[in-house]
Structure formats: C-alpha cells, structure tokens
Amino acid sequence: MVQNSKKVRNKKEDLQGNNLMIFLILLISLKAQAITTYEKDALPIFKNRCSMCHNSAMMPDKNWLDYDIAKNKSDIILKRAWINKDMPPGNSTGITDQERETLKNWVNDGAQK
Ligand code: HEC
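All residue numbers in the sequence shown are consecutive under this note's numbering, ending with 1151.
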C-alpha cells in the first residue's frame, strides 16, 4: 500500500513537471513570435510609406530598404516616426498609428533582421 501511494505521488509529480515544461515551451515560442523583425514587420512599412523618398537613388544614406542603414539609424527612425511623428512629412503616405507602433516595437526589440 505504502509503495503504491508513493508511486501515485511520483506519477503526479511527473505530470506536473511535464505541464511545466509544456507551459515553458509555449511561453518561449510565443515570445519568439512576438519579436518584431525587419523583414517580417518593418520592411513592408518602409516600402509602402517611406520608399518614395527613402530609396537608394534619392537618399542613399537614408535608404530604409537597406537593413544595415535602417538599423544604424533606428534611433532616429524611432524619434521621427514614433515620438515626433513628423515622418512621413505631413503624413503624405498615410502611415497608420498601428504601423508607427510596429516601427517603435521593431526599434525597441533591438532592430533585428
Ligand atoms: C515625401 C518624402 C518622404 C517620405 C514619404 C518619408 N520621408 Fe523621411 N525624410 C524626408 C526628407 C526630405 C528627409 C531629410 C530632411 C529631414 O530630416 O527632415 C527625411 C529624413 C528622415 C529621417 C532623418 C534621418 C537622419 O539621418 O537624420 C528619418 C529618421 C526619416 N526621414 C524617417 C522616415 C520614415 C520612417 C518614413 C516612413 C514611415 C519616412 N521618413 C517617409 C522625406 C520623406
């Protein structure tokens, strides 16, 4: 009897351990998905809302279609597109608040590729 109840308890602890593992894996994969990246999130916005001006021909040093340039200037992008909201000028390209927030998240997540 004593033996048996010990077995049951061990099994219960195993199950709790499994649940914890599953929970942790879920949490990690959610976190991985939540990270805002250049190619997945920021680049489409740069293409649709910025590239009429910020392209390799017109502004080679502010060409947001180039990851390295955008990453290097990400703090200024945060300032102009999220804090000051003076980019795009007069919002001529119709950027949405949600897109501004995505750019902010991209910078805050470390401007990852
Ligand atoms: C209609 C043209 C136009 C559009 C569209 C536009 N910009 Fe600009 N942007 C400019 C010009 C011109 C400058 C340089 C003068 C200035 O700094 O105000 C500039 C400068 C900037 C700077 C400063 C860079 C530096 O090195 O000082 C940032 C950051 C910026 N833009 C971000 C953006 C972002 C992000 C978008 C899209 C969401 C965008 N701009 C859309 C014309 C534009």
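Note that CB positions come from ideal geometry on N, CA and C, so glycine has one too.
It should be emphasised that the depicted structure is a prediction, and the values quoted were computed from it without experimental measurement.
Nearest by alpha-carbon distance to residue 1151: which of 1116, 1104, 1113, 1090 is it? Comparing Cα-Cα distances from residue 1151 to each of 1116, 1104, 1113, 1090, the minimum goes to 1104.
Measuring straight from C-alpha to C-alpha, what distance separates residue 1063 and residue 1051? In a straight line, the C-alpha of residue 1063 is about 18 Å away from that of residue 1051.
Candidates 1097, 1065, 1121, of which the one nearest residue 1141 by Cα: With distances taken between Cα atoms, residue 1141 lies closest to 1121.
Which residues mark the beginning and the end of the alpha helix (DSSP H) in which residue 1144 is found? That run of the alpha helix (DSSP H) goes 1135-1146.
Report back the beta-carbon spacing between residue 1092 and residue 1086 to the nearest angstrom; my notes put them in contact at under 8 Å. The C-beta separation of residue 1092 from residue 1086 comes to about 12 Å, leaving the pair out of contact by the 8 Å criterion.
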